[in-house]
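In this text, residue positions in the sequence shown follow the numbering used here: the first is 8, and each later residue adds one. Below: the structure, in structure tokens.
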Amino acid sequence: MLSQNGERKLSFSYDINGKHINNSSESAVTVLNLSYPLFKGWGSAKLNLYCSRFAAALKSYCRKISVSNNDSNRLPVIINMRSAVFTSEASLSLCFEVSQGRNLPYRFASVWSLKNGWPLSLIKVTGLSRRKLIEQLVLKTEERISRGLRIYYGDYKRLIHRRFNKDNWYLGDSGISIFFQPGEIAPVIEGIQVFSLEAPAQT
């Protein structure tokens, strides 16, 4: 069985020339704050590799933004990696949010089995096909609209079919959460749209 074995934190900044500078410097245009769990036990290598690669990708993105941006007055670009969430079903949800300046955050997630360290599939966990999952999401959107929440685009049905991403989900206390990024099925200002499904007894 896997277990958490501490946490690794990383924080740094780049100036507009891509040179490493002090985090408190006012000239910084890119700031990266990382915090991700470390694991021990059988299967932990895959999880730890996933976390470190995700961190490396964010670091590379951070450097790319700072080098390409020549506006020293730009607001800092802040990227945060959220910590892991353990669930009662012997699963682990890793959820990340990336935000730039005053823009709304974008969310990324993955779900892993703590029994063997392998990632879990939304379709396998729910036992529902892609078509059935989309049908449920359309129904839940229609329920929200019927209750007066009229924030969705007029062609939301087509957009849900088009924008549905089988990797955009995580496990939590309320069950399975499937999400759409800002602007995908509703205006960007409405933020991330999250729909909850009841999780099966075992994952």
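All C-beta atoms, glycine included, are put in the ideal place defined by N, C-alpha and C.
Out of the options, which one is the CA nearest neighbour of residue i?
i: residue 212; options: 118, 190, 59; result: In the structure displayed, the chain extends from 8 to 210; residue 212 sits before or after that span and is not available.
i: residue 188; options: 116, 156, 122; result: 116
i: residue 175; options: 62, 55, 200, 53; result: 200
i: residue 190; options: 173, 169, 204; result: 169
i: residue 228; options: 104, 179, 122, 67; result: Limits of the chain in this structure are 8 at one end and 210 at the other, which puts residue 228 out of reach.
i: residue 195; options: 106, 132, 165; result: 106
i: residue 52; options: 126, 67, 64; result: 126
i: residue 171; options: 155, 145, 156; result: 145
On the three-state DSSP scale, how would you describe residue i?
i: residue 36; result: Bear in mind that a pLDDT of 44 at residue 36, under 50, signals an unreliable position, so the number given afterwards is only what the model happens to contain. Coil, per DSSP.
i: residue 30; result: Residue placement at residue 30 is poorly supported in this model, since its pLDDT is 41, which falls under 50; the coordinates still yield a value, given next. Three-state result, residue 30: coil.
i: residue 205; result: coil
i: residue 114; result: strand
i: residue 47; result: strand
i: residue 106; result: coil
i: residue 101; result: strand
i: residue 54; result: helix
i: residue 154; result: coil
i: residue 80; result: Residue placement at residue 80 cannot be trusted, given a pLDDT of 43 that sits under 50; the coordinates are not used to answer.
Mind reading off the beta-carbon distance from residue i to residue j? Whole number of angstroms is fine, and I expect it under 8 Å.
i: residue 141; j: residue 167; result: 6 Å
i: residue 114; j: residue 173; result: Between residue 173 and residue 114 the Cβ distance is about 15 Å, and since that is not below 8 Å, they are no contact.
i: residue 45; j: residue 143; result: Actually they are not in contact, since the Cβ atoms of residue 45 and residue 143 sit about 36 Å apart, beyond 8 Å.
i: residue 152; j: residue 160; result: Wrong, their Cβ atoms sit about 11 Å apart, outside the cutoff.
i: residue 120; j: residue 98; result: 6 Å
Does the Cβ-Cβ distance between residue i and residue j come in under 7 Å?
i: residue 177; j: residue 58; result: no
i: residue 185; j: residue 163; result: no
i: residue 1; j: residue 198; result: Given that the chain is displayed from residue 8 to residue 210, the structure contains no residue 1 and the question cannot be resolved.
i: residue 124; j: residue 56; result: no
i: residue 202; j: residue 147; result: yes
If we require 4 or more residues per run, which alpha helix (DSSP H) segments fall completely within the stretch 116 to 143? 129 to 133
Mind listing, in chain order, the continuous beta strand (DSSP E) runs of no fewer than 3 residues lying wholly within the stretch 164 to 195? 176 to 179, 182 to 187
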